[in-house]
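Below is one structure; the comments refer to it alone.
Residue numbers (the working numbering), protein chains in the order written: chain A, 114 to 522; chain B, 114 to 522.
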């Protein structure tokens, strides 16, 4: 029998407890040994639960119990999660977490510590919720050199954008609906400003390219500036707007990393990822594009990914799973790299004829969608280095406003 | 250093050799020990290759060389692949294969043999080519009870159907184009009649539901009867026609398993899987729908999946990967189960008015698409047990022909 402790009994933690306790037989059939939840750490009381006798309030009870071999950290946040995880690993316990903030900030350090102590530090649920993605990248694509990771990494923003696209709902109404349905927090900043997706890009980039990437190294932009006009205009070009997180390998060995609203062609499978679903596309030099799709959040989905990691830890007591990367460095991420791309441009002017004339002279031969009524013209550029495109766009002086978005074709 | 032998130097085998030899450094960095290709078994000569000194013609050289720890079987077919794989396992060598025919026919037996000899028998490439799917099902979804597996499992037929849908090409022209492009064999029967997809359903069902499923237990229908009229008619209902392989768990513990052309709603992510791409959707009780997408065939993609298995074998010499199922049984698959479903019906008659009247009386309130010019009416039924629907459809006597297809909504 292997003893496990769960730190945190919130949404994910209670889900983990329910699966480990409620489906103990199923779990034991996979691990070939019973898995016993010995402690659940939470400052709150849960008197009504069938397993209420397992609750404790002192972390040291877990730390000092040599019988506890695997600890699940599902408290969220950096503190005290980081301190607790570090102490558990140093006490030769394997740690499983769903905490993307923790892994994005401290992943390399905790991985190295786990290596030193010959225990496992696993975090499959931290990126895709219930979507298997980290293990497939590390194991199944092991024969590949990964050149790019691109994904829809946040269900809240995808739900909001989807409501704007399909139901013509404006941003604030869609956000309010997402909050009402429990898909968005009361304070939605982490989602709508792209920070949640940013942390997942960090973890995916680190695993794919071998070095830690810190959140502040990712060029991050949310969806708060996306309007129904953008959505409608994108549709004219056969595109939908998605919040895309991506990291790409550059020819000099460095990488770019970004989160930003992006026009995605309806021909691309990512355009069909709707509602709260997430998807991660990985490009390997041998295998081409591979995509993983599923629910990126939610109690059961996330808890089941955590439990899968617990099963793996139990099966590998005393052995190491290779899921690792090196420390990061300031120059590893280079977002100034001048990559060839196509940009989407939408400009508005009260002098509509003047605007159209100017754009036709700067971008000759480009096909535009014009809307004289709104004084608006929109187009997608040919593929050129981004600096060249930005310089051309800066020459559009007849416009009252110019909006530029990246594209994914 | 670990010595490996490759049996077969066809499309996949040469790809495996090229990765293992050409990217030896990358492989060694994953395995932490060099991987050396000691022998390549093929009856043909390949004098021009840089590694032509590795070729042998006698299988016993591999079998009797105790230094060879991992054998890659990429010959295809059941014989002699089955005999060779069995002998290698009995000589305590791990075996990796991409051979779906072999795994679908003999998987349970070879898995059991590998367990007895404490070696690994891995076959990730046998189902999805380069798409990671077997390992994610076995490991990442381990906390789930899987209730259904549904997928587009054959790139050739998906390419043909896609050409019919997008380019309005008829079946034979699309097949000829697929052959010209190398996506279809000169004898395309295994693909277009559904046998290839059937073997993959066997493997997916066995891994998901724990018991071997034999090809003859899968109700299999190909795409040779699909016409442009079907494609166009499906479009009227917001659907595309895909060859769908699926296996579902029944409430009595048995399963259904089928391969058949199916109308897939454009709202379903599977509808966006185009060209030679494949996708496998897995439904877990905790995680909901999860989908894996990528190239289901092709030299590099398939070879990279084989090499990932080789890496896993090398990392687990003397240890077992759990990827297994039990022997099958005659009553495990029950395709007579009367599941609730929606069927698509298209009927043609020279007495068009009579046909419409009769259908309206058998299926009152159903919304139809009528084409008087072709004397044709098409509709999708409400959801009812299939036997009830079949019995109603058999009452359509005014039709010259009636075509029925399954649907996926």
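Cβ coordinates follow ideal geometry from the N, Cα and C atoms, glycine included.
Less than 8 Å separates the beta-carbon of residue 274 (chain A) from that of residue 339 (chain A). Listed in chain order, the non-local C-beta contacts of residue 331 (chain A) below 7 Å within the same chain comprise 311, 314, 315, 370, 371, 372, local neighbours out to five positions each way being set aside. The Cβ atoms of residue 430 (chain A) and residue 374 (chain A) do not sit closer than 8 Å to each other. Judged by DSSP secondary structure, residue 417 (chain B) falls within the alpha helix (DSSP H) whose first and last residues are 412 to 428. For residue 239 (chain A), there are no neighbours in chain B by C-beta distance under 8 Å, as the nearest C-beta there is about 13 Å away. Taking a C-beta distance under 8 Å as the contact criterion, residue 407 (chain A) and residue 263 (chain B) do not qualify as a contact pair.
Residues of chain B whose Cβ lies closer than 8 Å to the Cβ of residue 417 (chain A) are, in chain order, 254, 256, 257, 397, 399, 400. Contact annotation: residue 411 (chain B) and residue 241 (chain B) have beta-carbon atoms that are not nearer than 8 Å.
Bridge partners of residue 498 (chain A) according to DSSP: A:453. Interface with chain B (8 Å Cβ-Cβ cutoff): residue 280 (chain A) is excluded. Not a single C-beta of chain B is nearer than 8 Å to the C-beta of residue 443 (chain A). Judged by beta-carbon spacing, residue 195 (chain A) lies beyond the 8 Å limit of residue 167 (chain A), meaning their Cβ atoms are not closer than that value.
With a contact defined as Cβ atoms closer than 8 Å, residue 480 (chain A) and residue 492 (chain A) qualify at about 7 Å. Assigned with DSSP and collapsed to three states, residue 481 (chain A) falls in strand. For residue 209 (chain A), the uninterrupted beta strand (DSSP E) segment begins and ends at 207 to 210. With a threshold of 8 Å between beta carbons, residue 183 (chain B) makes no contact with chain A.
Counting along the chain, residue 158 (chain A) sits inside no alpha helix (DSSP H), nor does DSSP assign it H or E at all. For residue 352 (chain A), the three-state secondary structure derived from DSSP is strand. Apart from sequence neighbours up to five positions away, the residues of its chain that approach residue 176 (chain B) with a beta-carbon distance below 6 Å are 200, 204, ordered along the chain. Judged by DSSP secondary structure, residue 312 (chain A) falls within the alpha helix (DSSP H) whose first and last residues are 308 to 322.
As the crow flies, the alpha-carbon of residue 207 (chain B) is around 41 Å from that of residue 519 (chain B). Counting C-beta pairs closer than 8 Å gives fewer than three between the region 351 to 361 of chain A and the region 471 to 490 of chain A, which falls short of the contact rule. Its chain contains 341 as the residues whose beta carbon lies nearer than 6 Å to that of residue 283 (chain A), once the 5 sequence neighbours on both sides are disregarded; these appear in chain order. Secondary structure of residue 374 (chain B) (DSSP, three-state): strand. When the beta-carbon positions are compared, residue 438 (chain B) and residue 325 (chain B) come within less than 8 Å of each other. Judged by their CB atoms, residue 211 (chain A) and residue 251 (chain A) are not nearer to each other than the 8 Å cut-off.
The shortest CA-to-CA distance from residue 116 (chain A) to any of A:148, A:133, A:135 is the one to A:148. Selection B:456, B:453, B:484 evaluated against residue 468 (chain B) yields B:484 as nearest (Cα-Cα).
With 16 or more other CB atoms across the displayed protein chains lying within 10 angstroms of its CB, residue 270 (chain A) is buried.
Burial check for residue 236 (chain A): the Cβ neighbour count within 10 Å reaches 16 or more, so the residue is buried.
The DSSP-derived three-state label of residue 297 (chain A) is coil.
Judged by beta-carbon spacing, residue 488 (chain A) lies beyond the 8 Å limit of residue 382 (chain B), meaning their Cβ atoms are not closer than that value.
Rounded to the nearest whole angstrom, the C-alpha separation of residue 522 (chain A) and residue 500 (chain B) is 45 Å. Boundaries of the beta strand (DSSP E) harbouring residue 182 (chain B): 181 to 186, taken from the DSSP string.
Note that the C-beta distance between residue 343 (chain A) and residue 459 (chain A) is below 8 Å. Listed in chain order, the positions of the region 160 to 192 of chain A with a beta carbon within less than 8 Å of a beta carbon of chain B would be empty, since no residue qualifies.
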